[in-house]
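S.K.: Structure incoming, see below.
Listed below in structure tokens is the structure:
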């Protein structure tokens with residue numbers, strides 16, 4: 001649960017979403033979810049032998065120990081204990097804060113067992129949300145919006161939001177054609193004259209994961225996975241009765257976390273985050289092993305794409321990993337920097353990459369696939385920006401998080417991120433939601449247009465709604481009219 005590094009906003013996001021614009025939203029988020037790097041209620045950290053091995057090496061190598069959320073911008077040659085969205089000795093976060101206060105509101109209703117199929121729209125104006133049950137008791141039908149002024153916010157995540165937009169006739173033409181040809185949606189999909197062609201699904205991004213493994217005799221393994229079904233009796237009692245002990249920490253005993261910046265030959269500085277944890281992998285068994293996963297984030301220029309199948313499932317059709325020499329070079333240099341930092345740790349043995357393998361060969365020979373290089377920090381498929389995707393740009397939503405070509409449809413989740421950030425993106429996503437709420441609430445209410453008024457078109461950004469009894473009617477790609 002990382003307080004955002006301000007350069008991430010300034011490097012990735014457009015005007016209105018820069019670090020100065022995000023400061024108040026960040027403060028609100030961390031006042032509600034401050035997080036802690038000492039989750040046990042007795043203030044202790046448990047089984048820190050692995051942390052001590054790695055952090056001792058980093059310190060000897062010239063890296064600096066920090067309390068991460070006290071100095072969020074210090075993310076170069078620094079290391080820290082991991083802050084979590086924990087409170088009162090247990091997992092917290094938005095579900096324990098925002099959802100609780102929202103649920104207390106008289107105008108809030110939470111539906112479970114129900115999924116959204118698509119938004120129902122007349123041209124660029126959404127009139128309803130079609131839902132269907134996926135569990136017993138789920139709802140079915142169309143939830144109608146308040147006439148003229150109603151709004152919809154999609155927040156289904158990088159893949160879920162892309163899917164909803166495509167099923168609603170919003171996305172690349174090739175993907176909308178897949179939906180139109182599907183047995184599930186084809187017969188009832190909005191007509192192609194009302195399709196809004198936007199680059200939904202492009203700009204897919206994720207931290208590039210590269211695992212490394214070391215062994216050291218001081219490392220002490222704790223089997224969190226076995227504890228799920230058969231916990232140690234003392235540890236179980238300490239957690240359940242006092243919220244103390246090893247079980248308050250995150251499996252599999254994470255830490256330290258550490259950061260490095262790699263200047264690239266292309267003039268871009270790329271950000272790395274490392275997550276160390278006490279477990280084996282890649283052929284090294286649990287016991288004395290530590291896996292250190294490198295995440296390549298801000299500055300990486302590789303991007304992928306998600307597309308929809310005829311069965312309406314989302315797939316990663318183009319991987320967003322290591323598509324150019326500069327991204328690859330950052331991964332290589334980051335491993336070399338880590339090896340140099342840990343060189344003074346006696347009895348430490350590198351098992352992955354092995355001592356007789358060069359870092360260049362290690363990285364070049366490692367398969368680039370969804371299974372081994374994903375961090376599951378997916379972002380970017382409904383990018384925010386000023387370059388309207390209807391007319392050749394790369395953006396799906398405008399600076400108010402409103403979908404281009406609509407007057408009342410918004411996206412607020414990780415899919416609007418233009419590029420990746422320094423750390424795990426959870427707090428950034430919540431901060432974006434706080435900022436988007438400011439923007440959306442500040443918008444003037446939508447108004448209905450008089451007879452003969454323009455109500456749509458490729459470059460139209462006004463109201464798409466006509467007064468009764470008029471209908472927004474297609475004239476040509478650049479002009480819809482209230483008739």
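In UniProt numbering, the protein residues as written are 1 to 483. All C-beta atoms, glycine included, are put in the ideal place defined by N, C-alpha and C.
(1) Given this structure, state the Cα-to-Cα distance separating residue 271 from residue 481, to the nearest angstrom.
(2) Do residue 213 and residue 352 come within 8 Å of each other at the CB atom, strictly closer than that value?
(3) How far does the alpha helix (DSSP H) with residue 179 in it extend, from its first residue to its last?
(4) Quick one: what's residue 79 bridged to in DSSP?
(5) How far does the alpha helix (DSSP H) with residue 335 in it reach, from first residue to last?
(6) Relative to the C-alpha of residue 133, which candidate in 97, 460 and 111 has its C-alpha closest?
(7) In the DSSP assignment, the beta strand (DSSP E) including residue 296 goes from what residue to what residue?
(8) Counting Cβ pairs closer than 8 Å, one from the region 160 to 176 and one from the region 193 to 208, do we hit at least three?
(9) Let me check one thing: in DSSP terms, what residues is residue 302 bridge-paired to?
(10) Let me confirm a value: residue 376 is counted as buried when at least 16 other C-beta atoms fall within 10 Å, else exposed. Which label applies?
(11) Answer yes or no: do residue 327 and residue 300 have a C-beta to C-beta separation smaller than 8 Å?
(12) Output yes or no for whether 8 Å exceeds the beta carbon distance between residue 73 and residue 298.
(13) Short of 8 Å in beta carbon distance, which residues of its chain neighbour residue 145, apart from the five on each side in sequence? Order them along the chain.
(14) Counting beta carbon pairs with one atom in the region 78 to 94 and one in the region 31 to 42, are three or more of them shorter than 8 Å?
(15) Does the pairing of the region 11 to 29 with the region 300 to 316 give three or more beta-carbon distances under 8 Å?
(16) What are the start and end residues of the alpha helix (DSSP H) that includes residue 276?
(17) So residue 396 packs on residue 382, CB below 8 Å; how close in whole Å?
(18) Among all the DSSP beta bridges, which residues are the ones paired with residue 212?
(19) Check each candidate in 249, 308, 417 and 160 and name the one with the smallest Cα separation from residue 394.
(20) Between which residues of its own chain and residue 388 is the CB-CB distance below 7 Å, once the five residues before and five after are set aside?
(21) Apply the 10 Å Cβ neighbour rule to residue 162 and answer buried if 16 or more other Cβ atoms are within range, or exposed otherwise.
(22) Skipping 5 residues on each side, what residues in its chain have a beta carbon closer than 6 Å to that of residue 463?
(23) Is the beta carbon of residue 345 sitting closer than 8 Å to the one on residue 56?
(24) So residue 314 is in the beta strand (DSSP E); what residue range does that whole segment cover?
(25) Roughly how many angstroms separate the alpha carbons of residue 336 and residue 253, rounded to a whole number?
(26) Assuming residue 368 and residue 321 form a contact by the criterion Cβ under 8 Å, report the distance between their Cβ atoms to the nearest whole angstrom.
(27) Can you have a look at residue 105 and say buried or exposed, based on whether 16 or more other CB atoms are within 10 angstroms of its CB?
(28) Between the beta-carbon of residue 54 and the beta-carbon of residue 257, is there less than 8 Å?
(29) Per DSSP, residue 125 forms a beta bridge with which residues?
(30) Quick one: give me the first and last residue of the beta strand (DSSP E) that residue 410 is part of.
(31) CA-CA distance, residue 59 and residue 65?
(32) Do you know offhand how far residue 472's Cα is from residue 165's?
(33) Need the endpoints of the beta strand (DSSP E) that residue 142 sits in, please.
(34) Quick check on the burial criterion: 16 or more other C-beta atoms within 10 angstroms. Buried or exposed for residue 75?
(35) Take residue 287 and list the residues in its own chain whose beta-carbon comes closer than 6 Å to its own, dropping the five residues that flank it on each side.
M.R.: On the basis of the coordinates in this document:
(1) Your numbering for residue 271 matches position 271 in the chain shown. Your numbering for residue 481 matches position 481 in the chain shown. About 49 Å.
(2) In the chain shown, the residue the question calls residue 352 occupies position 352. In the chain shown, the residue the question calls residue 213 occupies position 213. Residue 213 is positioned such that its CB atom lies closer than 8 Å to that of residue 352.
(3) Taking the chain shown and counting its residues from 1, the one referred to as residue 179 is at position 179. In the DSSP assignment, residue 179 falls within the alpha helix (DSSP H) that extends over 173 to 180.
(4) For the purposes of this step, residue 79 is taken as residue 79 along the chain shown, with counting starting at 1. According to DSSP, residue 79 bridges with 65 and 258.
(5) Within the chain shown, the letter at position 335 stands for residue 335. Bounds of the alpha helix (DSSP H) holding residue 335 are 325 to 341.
(6) In the chain shown, residue 133 corresponds to position 133, counting from 1. Looking at the Cα atoms, 111 is the closest of the given residues.
(7) Counting from one through the chain shown, the residue named residue 296 turns up at place 296. From DSSP, the beta strand (DSSP E) with residue 296 extends over 289 to 296.
(8) Look at the beta carbons and you see the region 160 to 176 touching the region 193 to 208: at least three pairs across the two are nearer than 8 Å.
(9) Position 302 of the chain shown, counted from the start, is the residue given in the question as residue 302. Residue pairing by DSSP places residue 302 in no beta bridge whatsoever.
(10) What you label residue 376 is simply residue 376 of the chain shown in a count that begins at 1. The residue is exposed, with fewer than 16 neighbouring Cβ atoms inside 10 Å.
(11) Walking along the chain shown from the start, residue 327 turns up at place 327. Walking along the chain shown from the start, residue 300 turns up at place 300. Yes, the Cβ-Cβ distance between residue 327 and residue 300 is below 8 Å.
(12) The residue you call residue 73 lines up with position 73 of the chain shown. The residue you call residue 298 lines up with position 298 of the chain shown. Not in contact: residue 73 and residue 298 (Cβ atoms no closer than 8 Å).
(13) By 1-based counting over the chain shown, the position of residue 145 is 145. Closer than 8 Å at Cβ, skipping near neighbours: 126, 127, 128, 129, 151, 152 and 408.
(14) Verdict: yes, contact present.
(15) Not touching, per the Cβ criterion.
(16) For the purposes of this step, residue 276 is taken as residue 276 along the chain shown, with counting starting at 1. Following the DSSP letters along the chain, one finds residue 276 in no alpha helix (DSSP H) but inside the beta strand (DSSP E) bounded by residues 269 to 277.
(17) Residue mapping note: residue 396 aligns to position 396 of the chain shown, counting from 1. Residue mapping note: residue 382 aligns to position 382 of the chain shown, counting from 1. Yes, they are in contact, since the Cβ atoms of residue 396 and residue 382 sit about 4 Å apart, within 8 Å.
(18) As a first step, residue 212 must be located in the chain shown, where it is residue number 212. Here residue 212 is bridged, per DSSP, to 292.
(19) Within the chain shown, the letter at position 394 stands for residue 394. Selected option, being the one with the closest Cα: 417.
(20) Your numbering for residue 388 matches position 388 in the chain shown. Excluding residues within five positions, the ones whose Cβ falls inside 7 Å are 395 and 404.
(21) Numbered from 1 along the chain shown, position 162 holds the residue referred to as residue 162. By the neighbour-count criterion, in which 16 or more other beta carbons inside 10 Å mark a residue as buried, residue 162 falls on the buried side.
(22) Locating residue 463 in the chain shown gives position 463, counting from the first residue. By the criterion of a C-beta distance shorter than 6 Å, residue 463 is surrounded in its chain by 407, 446, 447 and 449, once the five residues flanking it on both sides are discounted.
(23) For this step, residue 345 is matched to residue 345 along the chain shown. For this step, residue 56 is matched to residue 56 along the chain shown. With contacts defined by Cβ atoms closer than 8 Å, residue 345 and residue 56 form a contacting pair.
(24) For this step, residue 314 is matched to residue 314 along the chain shown. Where residue 314 is concerned, the enclosing beta strand (DSSP E) stretches over 314 to 318.
(25) To locate residue 336, count along the chain shown from 1; it is residue 336. To locate residue 253, count along the chain shown from 1; it is residue 253. When the Cα atoms are used, residue 336 and residue 253 turn out to be separated by approximately 25 Å.
(26) Taking the chain shown and counting its residues from 1, one reaches residue 368 at position 368. Taking the chain shown and counting its residues from 1, one reaches residue 321 at position 321. With a Cβ gap of about 5 Å, residue 368 and residue 321 count as contacting.
(27) Within the chain shown, residue 105 is the residue found at index 105, counting from 1. With fewer than 16 other Cβ atoms within 10 Å, it is exposed.
(28) Translated into positions along the chain shown, residue 54 becomes position 54. Translated into positions along the chain shown, residue 257 becomes position 257. No, the pair does not count as a contact, with Cβ atoms beyond the cut-off.
(29) Sequence index remark: in the chain shown, residue 125 carries index 125 (1-based). BP columns for residue 125 point to 122.
(30) Translated into positions along the chain shown, residue 410 becomes position 410. Per DSSP, the unbroken beta strand (DSSP E) holding residue 410 starts and ends at 409 to 411.
(31) The residue given as residue 59 occupies position 59 in the chain shown. The residue given as residue 65 occupies position 65 in the chain shown. Spanning the two alpha carbons is a distance of roughly 7 Å.
(32) Here residue 472 is taken as the residue at index 472 of the chain shown, counted from 1. Here residue 165 is taken as the residue at index 165 of the chain shown, counted from 1. Those two C-alpha atoms are separated by around 21 Å.
(33) Numbered from its first residue, the chain shown carries residue 142 at position 142. Judged by DSSP secondary structure, residue 142 falls within the beta strand (DSSP E) whose first and last residues are 141 to 144.
(34) As a first step, residue 75 is located in the chain shown; it is residue number 75 there, counting from the start. Buried is the call here.
(35) For the purposes of this step, residue 287 is taken as the residue at position 287 of the chain shown. Setting aside the 5 residues that flank it on each side, residue 287 is surrounded in the same chain by 221, each with a C-beta closer than 6 Å to its C-beta; the list follows chain order.
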